[in-house]
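Quick note, in the numbering used here, the sequence shown goes up one by one and the last residue is 331. Inspection log for the structure reproduced underneath, given as structure tokens.
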Amino acid sequence: MAGIRKRTGKKSFTAIFIFCFVLLLAGCGSGTGGDVVPQEEMESSEPDEGDIVIGISQVGSESDWRTTNTEAYLNTFTEEKGYYLIFEDGQQKQENQVKALRKFILKGVDYIVLDPIVETGWDAVLKEAKDANIPVIIADRNVLVEDESLYICRVGSDFMQEGRNAGEWLAKNLELRGRENTDINIVTLQGTLGSTAQLGRTLGFAEVMEKHPNWNMLEYQSGDFTQAKAYEVMEYFLDTYDDIDVVISENDNMAFGAIEAIKEARLRLGRNGDIMIISFDAVRDALLLVQKGEIAADFECNPITAPLVEEIIQKLERGEAVEKVQYVEETYFDYKMDIEMLLENRTY
């Protein structure tokens, strides 16, 4: 486990700021030749003495789930609770996230929280963070690195299990409808290719699908976790295949795009309609569609990871060990549940 950094106070943080500014004037890069942080990106405020300085590199704002996830971080790591937060939106580009991490390292933050866009390509910058003695927490998605000591732990969802759960739900639903032995034609709207959510959900569902030779996967296409792209892909699916029974949508925003395209094609949605949609994330707007029957089942991906990340940081502050992988609690929702009552007590 990486050691705990000495708290960065106002004086030392100001010194780091001046040093970074001198580097800018000299035109120097980071220790490994990475991009230099532009002067206009430097924060104008400074942390108070004793603040825990945290740099968060977020994927982007591509979905309702991501917006809720970001809001949870902003509401958790507040000035009132003794945190100084530097937040960077990666805008769906890994190079932006690498640049953000190098910015955090130059600033000498106490902790880095990385929600990686894809799993690979992080070894070099995470080694820079380890060499600077900055603990890195991987949130939501995963990273594949040769040396797992480059990060402290990963916090998030078990995406493989989400995919398995979706496949098992479909099998039970088909059995209840007497269709367990009939041919079932399926298409999948995949998320951003190479992301942990995409890989886990695709592979988890595929595990269950192998047990059902009458399930035919017609095609996989990436909708990049966005509604607009999924609408285009769903239009293509409908133009290409005459008999689609099930759409697996690897997030809710893509399900929204698919629903729009299916309705325009004048096809009926729902478990007893022409096409059944199974989705992931379970954001509020999607659960309303479960209530209406337009989404047959939605498998939760809990976006409120910030409290668990804070718990880990506080343990590290006390010098305690933390588990390498920690999952948030999750469930699923379908037509048999009282969605209206569930939403009354749901924060997202």
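From the three backbone atoms N, C-alpha and C, an ideal C-beta is built for every residue, glycine too. In this text the structure is predicted, and so the values were computed from the model without any measurement.
Review point. From D93 to N116, what distance separates their C-alpha atoms?
Key: 9 Å
Exercise for review: Report back the beta-carbon spacing between I295 and V311 to the nearest angstrom; my notes put them in contact at under 8 Å.
Suggested key: Contact doesn't hold; Cβ gap of about 12 Å is too wide.
Point to revise | Per DSSP, cross-strand counterpart(s) of Q144 | key: BP columns for Q144 are empty, so no partner.
Review point. How would you call D18, buried or exposed, if buried means at least 16 neighbouring beta carbons within 10 angstroms?
Key: Low per-residue confidence applies at D18: pLDDT is 32, beneath 50, and the placement is therefore not dependable, though the value from the model is reported in the following sentence. D18 is exposed by the Cβ-count criterion.
Exercise for review: Taking only runs that begin and end inside the segment 167 to 228, name each unbroken alpha helix (DSSP H) of 4 or more residues, in chain order.
Suggested key: 179 to 192 and 210 to 223
Point to revise | 3 or more residues per run - each beta strand (DSSP E) lying fully within the segment 53 to 116 | key: 66 to 72 and 94 to 97
Point to revise | Straight-line gap, N58 to E293 (C-alpha atoms, nearest Å) | key: 11 Å
Exercise for review: Going by DSSP, name the residue or residues bridged to Y310.
Suggested key: G139
Review point. What are the partner residues of I231, as DSSP defines its beta bridges?
Key: T171 and I261
Practice item. Return helix, strand or coil for I39, following the three-state DSSP convention. Key: strand
Review point. Quick one: Cα of E243 to Cα of Q274, how far?
Key: 17 Å
Point to revise | Pair within 8 Å by beta-carbon distance, I100 and Q75 | key: yes
Exercise for review: Using the Cα positions of A112 and L84, report the straight-line distance between them to the nearest angstrom.
Suggested key: 8 Å
Check your understanding: Thinking C-alpha only, which one of E277, D226, G43 and K194 is nearest S232?
Key -> E277
Practice item. Can you tell me which of R137, I120 and G104 puts its alpha carbon nearest to the alpha carbon of V128? Key: G104
**Study point:** Coil, strand or helix - E323 by DSSP
**Key:** helix
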